[in-house]
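Colleague: Quick one: this structure, given as structure tokens, is what I'll be asking you about.
Protein chains in written order, with this note's numbering: chain A, 1 to 293; chain B, 1001 to 1508.
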């Protein structure tokens, strides 16, 4: 394939930022509805109302003066996650585990003072473009053992992009040693494409190249089948139906005891999913449109 | 697909262009020139010539740095070319006082020559230039005193440019006299004091003594006034071209836009029948020539001239839409990410104000201070707003130091330096700190580099005088830019950088 053929193919298959904004996000979502996705607190309330499974919320802190009181109420939990309601790209998330009365974040000890500063930063808007925000303290998800074999640390999640509640593309986001337990592609995680009919994993994309094994465990990835695949797809569709948004990304996790849950939803799902799947969104949308006709 | 925005955009783009073409055809203007002024120059002479009179003077000619057109009636007897100068003559008999007049319109451009400093000095013996090398009654280049001075001034140097500069500096430093009497080269040297004509002749004499071809040139310094005083400067033949020097008003290898050249060579501006009463003056009127007043929606030049509004303010305002369009192109077509959408435009405009190099240095210093401060504050777990506040304080201190330093080194106008921090401090600092927090120093510096690149491109486009003048003269072009912006806002093509990013999608 010469350069011109490649350029033509990219143009015919891939959806870029401009097209995503103008042809997908703007026409399918009303601006006034973005808040249901952008604010994780609102998203959770909506999903709880429609009985869509999601991690349990322990408490919500919206004022710096209440950090202390709120903390007293949740410090009995052995594990918890603190996250900004309006944070984007996995920023500002603190995962804590208690060990003999000492709090640990990714194995390193953290003082309560540091935790308080983090909550204060969240409320002050450090992770939400300067808007004041609220801090969510919620249940820690224990990933399903399926993921342990690939890499034991962090919380992997499954991103599904849906258009009018029809799943288009899916990607498993795996943490790596380089990503520090985070599953986000920008932060060094792996994006693994998924066969949408079967839940069968394709190759992994590490932000630069495609590989067929996890860089830390060396486990071979392609061909593995995600557990609960049908439930996951049903959950993604159910979640998308309780939001007034027609083009969105749904991030799912699988807890080892509670099963599939919706972690969060996104109104501007990233375009890297096309790289993980080696498949352009345009191709997929065209195919679905053909089927509808 | 809704076609309305596209139709609207096409209208926005074309209608102003039609108006501009119409304005260009309806107005006589000189849009191509940099400075926006021209001068109406009226020669006015009063004489009585009972037995008959004859008056001759020079007319300015159009050349590389000046454009001259005749205006009004042409009641002269003849016009001819003498030694490449345009000479105009009046002849007649007049028993009563007679008024002779002539009007020209002048448009000049500032010019400055680059002279190759490496040209070695060599006496010129080109026979074609012989008349610019010899001694004359007013330019006594072979006189022993001139010879002694020329040798003294040129002895330390071997390059032509250095020798000329040495002569120029000597003549420039000589006290100026306000006399309008004819002063020849020798008198200027002996009195160590001279007006324009003495200084120019002395400078030419020194050059000719070293066998560097040189001549004097006469003309008027144009101001919005009525004057009699003409001016004389020098021209030196270096590197195959004639280069002007004014050793009275300090113009080295160049002339400002308001010098109107009338003749080359050592001549009298007026020559007339002896013994008749004769008076003359030049009435000069400064005129704005690039405003295309007919059919203008808004004549911004008039607003600037009458309202006393600084051009730079209006310019900054009018350049914003162009800047934002360019930013839109960088972001949505090229795909370069920068600190904020409008920041590069503001920094670019600030660069225009402060000068490129001082601006760049200040910008870089500010951006470097932030990570240095960020490091310990992050380590100590200082809360975000306190951290930003501390960084701002550091940046303010850096700005004050820079302003003081730049002021002391006299490098540039320190007033404009203060324009800078206001923008920098409030935006760059915070964004940069955030970027470092979230994605690390390397990513932050990548973004800084991209911002700098875009800023520089914007700076070079926005600081182009032709573009600036065009936008002020034809502000309706803003609608055209808006039309392009509208099209851009509906553009769904891949960004250039996305072709690179997504290349692996098709690698199967």
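Where a beta carbon is used, it is the ideal one built from N, C-alpha and C, also for glycine.
(1) On the three-state DSSP scale, how would you describe residue 176(A)?
(2) Classify residue 1264(B): buried if its beta carbon has 16 or more other beta carbons within 10 angstroms, exposed otherwise.
(3) Helix, strand or coil for residue 1142(B) per DSSP?
(4) Apply the 10 Å Cβ neighbour rule to residue 13(A) and answer buried if 16 or more other Cβ atoms are within range, or exposed otherwise.
(5) Could you tell me the boundaries of the alpha helix (DSSP H) in which residue 1215(B) lies?
(6) Using a Cβ-Cβ cut-off of 9 Å, state whether residue 113(A) counts as contacting chain B.
(7) Taking beta-carbon pairs under 9 Å, can you tell me which members of the segment 64-90 of chain A lie near chain B?
(8) Pick out whichever of 112(A), 75(A), 34(A) and 71(A) has its Cα sitting closest to the Cα of residue 86(A).
(9) For residue 976(B), list the residues DSSP reports as bridge partners.
(10) Any chance the segment 1153-1164 of chain B sits against the segment 1114-1132 of chain B, with 3 or more Cβ pairs inside 8 Å?
(11) Please check if any C-beta of chain A sits within less than 9 Å of the C-beta of residue 1483(B).
(12) When the distance is taken between beta carbons, is residue 186(A) closer than 9 Å to residue 154(A)?
(13) How would you call residue 225(A), buried or exposed, if buried means at least 16 neighbouring beta carbons within 10 angstroms?
(14) Using a Cβ cut-off of 8 Å, pull out every chain A residue sitting near residue 1494(B), in sequence order please.
(15) Could you pull out every residue in the same chain whose Cβ sits closer than 8 Å to the Cβ of residue 1096(B), ignoring the five residues on either side in sequence?
(16) Taking Cβ to Cβ, would you say residue 167(A) is nearer than 9 Å to residue 196(A)?
(17) What are the complete alpha helix (DSSP H) segments, minimum 4 residues, inside the segment 1125-1191 of chain B?
(18) Are residue 1196(B) and residue 1236(B) close, meaning C-beta to C-beta below 9 Å?
(19) Any beta-carbon of chain A closer than 9 Å to the one on residue 1378(B)?
(20) Among residues of its own chain, excluding the 5 on either side of residue 1052(B), which ones have a beta-carbon nearer than 6 Å to its beta-carbon?
(21) In angstroms, rounded to a whole number, what distance separates the CA positions of residue 1050(B) and residue 1277(B)?
(22) Given 8 Å as the limit, is there contact between the segment 95-105 of chain A and the segment 120-127 of chain A, that is, 3 or more CB pairs closer than that?
(23) Hey, does residue 6(A) have any beta-carbon neighbour from chain B nearer than 9 Å?
(24) Quick one: list the residues of chain A neighbouring residue 1332(B), beta-carbon separation under 7 Å, in chain order.
(25) Return the chain-ordered list of same chain residues with a C-beta closer than 7 Å to the C-beta of residue 1140(B), the five sequence neighbours on each side being excluded.
(26) Have a look at residue 1102(B) and residue 1074(B) and give me their C-alpha separation to the nearest angstrom.
(27) How many angstroms separate the CA atom of residue 1068(B) from the CA atom of residue 1127(B)?
(28) Mark residue 198(A) as exposed unless 16 or more other C-beta atoms lie within 10 angstroms of its C-beta, in which case mark it buried.
(29) Is the segment 1077-1089 of chain B touching the segment 1015-1029 of chain B in the sense that three or more CB pairs, one from each, lie closer than 8 Å?
(30) Please report the residue range of the beta strand (DSSP E) in which residue 1243(B) lies.
(31) Per DSSP, residue 59(A) is paired with what?
(32) Could you name the residues of the segment 107-140 of chain A whose beta carbon sits closer than 7 Å to any beta carbon of chain B, in the order they occur along the chain?
(33) So which residues on chain B does residue 23(A) lean against when the C-beta distance must stay under 7 Å?
(34) How close, in whole Å, do the beta carbons of residue 10(A) and residue 1499(B) come, if the pair is a contact with beta carbons under 8 Å?
(35) What residues in its chain sit with their C-beta under 8 Å from that of residue 1367(B), if we drop five residues either side in the sequence?
Modeller: Taking the coordinates as given:
(1) Within the first chain, numbered from 1, the residue matching residue 176(A) stands at position 176. Coil at residue 176(A), not helix or strand.
(2) Taking the second chain and counting its residues from 1, one reaches residue 1264(B) at position 264. Burial call: buried.
(3) Within the second chain, the letter at position 142 stands for residue 1142(B). Here residue 1142(B) sits in coil by DSSP.
(4) For this step, residue 13(A) is matched to residue 13 along the first chain. Burial call: buried.
(5) For the purposes of this step, residue 1215(B) is identified with residue 215 of the second chain, where counting begins at 1. Taken as a continuous stretch (DSSP letters only), residue 1215(B) belongs to no alpha helix (DSSP H), being part of the beta strand (DSSP E) at 1214-1221.
(6) In the first chain, counting from the first residue as 1, residue 113(A) sits at position 113. It does: the Cβ of residue 113(A) has a partner Cβ on chain B nearer than 9 Å.
(7) 89
(8) Your numbering for residue 86(A) matches position 86 in the first chain. Considering only alpha carbons, the answer is 34(A).
(9) Residue 976(B) lies beyond the stretch modelled for chain B, which goes from 1001 to 1508, so this question has no answer here.
(10) yes
(11) Taking the first residue of the second chain as 1, we reach residue 1483(B) at position 483. Not an interface residue.
(12) The residue you call residue 154(A) lines up with position 154 of the first chain. The residue you call residue 186(A) lines up with position 186 of the first chain. Not a contact, by the Cβ cut-off of 9 Å.
(13) As a position in the first chain, residue 225(A) is number 225, starting the count at 1. Exposed, because fewer than 16 other Cβ atoms sit within 10 Å of the Cβ of residue 225(A).
(14) Counting from one through the second chain, the residue named residue 1494(B) turns up at place 494. The answer, in chain order, is 10, 11, 14, 16, 18 and 19.
(15) Position 96 of the second chain, counted from the first residue, corresponds to residue 1096(B). Residues of the same chain with a CB within less than 8 Å of the CB of residue 1096(B), apart from the 5 flanking positions on each side, are 1048 in chain order.
(16) As a working note, residue 167(A) is residue 167 in the first chain. As a working note, residue 196(A) is residue 196 in the first chain. Cβ atoms of residue 167(A) and residue 196(A): closer than 9 Å.
(17) 1144-1154, 1160-1173 and 1185-1191
(18) On the second chain, residue 1196(B) is found 196 positions in, with the first residue counted as 1. On the second chain, residue 1236(B) is found 236 positions in, with the first residue counted as 1. No, these two residues do not count as a Cβ contact at 9 Å.
(19) Sequence index remark: in the second chain, residue 1378(B) carries index 378 (1-based). For residue 1378(B), the nearest beta carbon of chain A is not closer than 9 Å to its own beta carbon.
(20) Numbered from 1 along the second chain, position 52 holds the residue referred to as residue 1052(B). Closer than 6 Å at the Cβ level, and outside the excluded window around residue 1052(B), lie 1093.
(21) As a working note, residue 1050(B) is residue 50 in the second chain. As a working note, residue 1277(B) is residue 277 in the second chain. If I take the Cα positions, the gap works out to 10 Å.
(22) no
(23) Position 6 of the first chain, counting from 1, holds the residue named residue 6(A). Taking Cβ atoms only, chain B reaches closer than 9 Å to residue 6(A), which makes this a yes.
(24) Stepping through the second chain from its first residue, residue 1332(B) is reached at position 332. Here the neighbours are 18.
(25) Position 140 of the second chain, counted from the start, is the residue given in the question as residue 1140(B). Non-local beta-carbon contacts of residue 1140(B) in its own chain, meaning distances under 7 Å to residues more than five positions away in sequence, involve 1146, 1184, 1185, 1186 and 1205 in chain order.
(26) Your numbering for residue 1102(B) matches position 102 in the second chain. Your numbering for residue 1074(B) matches position 74 in the second chain. In a straight line, the C-alpha of residue 1102(B) is about 7 Å away from that of residue 1074(B).
(27) Against the second chain, residue 1068(B) aligns to sequence position 68. Against the second chain, residue 1127(B) aligns to sequence position 127. Approximately 32 Å between the Cα atoms of the pair.
(28) Here the question's residue 198(A) lines up with position 198 in the first chain. Answer is exposed; the Cβ neighbour count stays below 16.
(29) no
(30) The residue you call residue 1243(B) lines up with position 243 of the second chain. Element bounds for residue 1243(B): 1241-1245.
(31) Translated into the one-based positions of the first chain, residue 59(A) becomes position 59. Beta-bridge pairing links residue 59(A) to 137(A).
(32) 114, 117, 120, 121, 124 and 126
(33) Working through the first chain from its first residue, we reach residue 23(A) at position 23. Near residue 23(A) (Cβ distances below 7 Å), the residues of chain B are 1492.
(34) Along the first chain, read from residue 1 onward, the residue named residue 10(A) stands at position 10. Along the second chain, read from residue 1 onward, the residue named residue 1499(B) stands at position 499. So it is a contact: roughly 6 Å between Cβ atoms.
(35) As a first step, residue 1367(B) is located in the second chain; it is residue number 367 there, counting from the start. For residue 1367(B), same chain residues with a beta-carbon under 8 Å away, outside a window of 5 residues either side, are 1428, 1432 and 1448 in chain order.
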